[in-house]
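Working notes, beginning with the structure itself.
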Amino acid sequence: MPLTARGPRDPSSLEPVPHGRTARRLDWLLLPPMTRRLVEDLFGTTVVEAVSVEAGYTPGLASVLTGADGRRIFLKAASKKAQRPFADAYREEIQKLRSLPSGLPVPHLLWSHEDDLWVLLALEYVDGHNPVRPWQRAELDACLDTLELVAQTLTPPPMRLAPFGEEFADFLDGWDHVRATAPDWPHLDEAVALAGRYAAASAGNTLVHTDARDDNLLLTAGRAYLCDWNWPVQGAAWIDTVCLLMSAFGDGLDADAVLAERRLTRTVDPDDIDSLLALFCGYFLARRDEPAPHSSPYLRVHQDWSAEVAWAWLAQRRGWT
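Next comes the structure, spelled out in structure tokens:
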């Protein structure tokens, strides 16, 4: 029976997402010897330690490499043959990082390499940590400060980007799945109507990261760094803030109070925010019913939790019981 057939559930009753250890990644020692030697040549030193990052939901290599001279880099790599979608994503990230202006709280690109078999990119090593989960308000505020700075700096975007409304059009199909598998879902028609107006609600002239999650943020003593620049689009400046706050709501924080305080969200039409929540809710409700990919065993757990959180927040905001 599809998960959606059960109807809405309390997010706290679900299998917890094991934050910080969700990835099943390619290991440094599994790269071909010639590729490792190439990395060391580009790095300028012999690699004496490689620590794989276990957060996230993709299988590409993501490791902190330490050189014999003490320097560190963050290396990402994907096989064009065995990991084609992720190699394509890394290629996109390289292009986006090259277009970003300097001075942003973003690990900058040191070098990249592409051949017939691999896509490689080396990023500045940031000595930081992912936010603690459940979210703590001080760490959340630091991350939201970064999202606001990025939005301010990248309005208008420094590159040509597809509109949010165009790139996320297929997310609407999620509610078709819900209607087919759970026709008695409460307030279904209202949720579908809200999601249907997302393109107008999300329109804007700001670069939107679209993947602002705790595993893509690194906290240091002075600021939060925003990582993984694979999927930016053009849209409303407040979208990333709302996306991050979905997880904060799920962790028990008063997300609506935060919305009312933050510069990018305090004057946004509440229906526009609800439209975005409805769009993502339908998407997650559909995706969680799919088989878990071997390369990302916790992806459906994350999507299950995210679906219920998005619904619970939307229902609370709309006064649905």
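Throughout the sequence shown, residue numbering follows UniProt numbering, covering 1 to 321 in sequence. Even for Gly, the Cβ is constructed at its ideal location relative to N, Cα and C. Note that the coordinates shown come from a computational prediction; the quantities given were computed from them, not determined experimentally.
Residue burial classification, residue i (beta-carbon count within 10 angstroms, cutoff 16)
i, result
"Met-246", "buried"
"Asn-216", "buried"
"Ala-62", "buried"
"Gly-282", "buried"
"Ser-13", "exposed"
"Ala-224", "buried"
"Val-150", "buried"
"Val-48", "exposed"
"Asp-269", "exposed"
"Pro-33", "exposed"
"Val-51", "exposed"
"Gly-60", "buried"
For residue j and residue i, the rounded distance between their alpha carbons
i, j, result
"Leu-65", "Asp-127", "12 Å"
"Met-159", "Lys-96", "8 Å"
"Leu-144", "Arg-36", "37 Å"
"Asp-189", "Pro-134", "33 Å"
"Asp-41", "Phe-86", "24 Å"
"Phe-249", "Ala-138", "15 Å"
"Ala-191", "His-177", "13 Å"
"Asp-167", "Ala-68", "The identity of residue 167 in the sequence shown is Glu, whereas the question assumes Asp. About 43 Å."
"Leu-117", "Leu-140", "39 Å"
"Leu-120", "Pro-101", "21 Å"
"Ala-193", "Pro-297", "33 Å"
"Asp-10", "Ala-312", "8 Å"
"Val-214", "Asp-251", "The sequence as given places Asp at residue 214; Val does not occur at that position. Looking at the two C-alpha atoms, the distance is approximately 12 Å."
"Pro-2", "Phe-43", "Low local confidence applies: a pLDDT of 49 at Pro-2 is under 50, so the model's placement there is unreliable, and no value is given."
"Leu-314", "Leu-29", "45 Å"
"Trp-185", "Arg-6", "9 Å"
"Arg-318", "Arg-179", "20 Å"
"Lys-80", "His-113", "12 Å"
Proximity of residue i and residue j at Cβ, strictly below 8 Å
i, j, result
"Gly-174", "Leu-285", "yes"
"Leu-123", "Phe-74", "yes"
"Ile-94", "Leu-109", "yes"
"Ala-201", "Cys-243", "no"
"Val-106", "Leu-264", "no"
"Ala-195", "Leu-279", "yes"
"Asn-130", "Ala-23", "no"
"Tyr-198", "Ser-295", "no"
Contained beta strand (DSSP E) runs [length at least 3] in the region 39-114, N- to C-terminal order:
Entirely contained in the region 39-114, the beta strand (DSSP E) runs reaching 3 residues are, in chain order, 47-52, 61-67, 72-79 and 109-114.
Taking contact to mean at least 3 C-beta pairs separated by less than 8 Å, is the region 299-310 in contact with the region 217-226?
The region 299-310 vs the region 217-226: no contact.
Continuous beta strand (DSSP E) assignments of at least 3 residues falling wholly in the region 170-256:
206-208, 217-219, 224-226 and 233-235
Is the region 229-240 touching the region 196-210 in the sense that three or more CB pairs, one from each, lie closer than 8 Å?
Cβ pair count under 8 Å is three or more, so yes.
Count Cβ pairs between the region 223-232 and the region 250-258 that sit closer than 8 Å; are there 3 or more?
no
Length at least 4, wholly inside the region 117-178: the alpha helix (DSSP H) runs in chain order
137-153 and 164-167
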